[in-house]
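Accompanying notes for the structure given below.
In my numbering, the protein residues as written are 36 to 102.
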């Protein structure tokens, strides 16, 4: 669910592929979009950093420093 939410966010708001996302986009997703629009469970929230890591790994890219 986390990966799908991030992909939807990038596609709908920036029309970008995951591997092109920079720190500003990831930060906006984590801080603004995700809590308001993904309606994550506590478990999903706790797994978000790992989900982003796996997603960027699958796209053969590094997760930008967004903190």
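A virtual CB, placed ideally from N, CA and C, is assigned to each residue, including glycine.
Cβ-Cβ separation, residue j to residue i (assumed contact under 8 Å), whole Å
{"i": "residue 96", "j": "residue 54", "result": "4 Å"}
{"i": "residue 87", "j": "residue 98", "result": "5 Å"}
{"i": "residue 73", "j": "residue 40", "result": "4 Å"}
Minimum C-alpha distance to residue i - residue among the options
{"i": "residue 38", "options": "91, 102, 101", "result": "91"}
{"i": "residue 102", "options": "48, 59, 69", "result": "59"}
{"i": "residue 36", "options": "50, 47, 63, 69", "result": "69"}
N- and C-terminal bounds of the alpha helix (DSSP H) containing residue i
{"i": "residue 37", "result": "37-44"}
{"i": "residue 66", "result": "Here residue 66 belongs to no alpha helix (DSSP H), and DSSP marks it neither H nor E."}
{"i": "residue 93", "result": "77-93"}
Interface flag, residue i vs chain C, CB-CB below 8 Å
{"i": "residue 47", "result": "Note that chain C does not occur in the displayed structure, where there is just one protein chain."}
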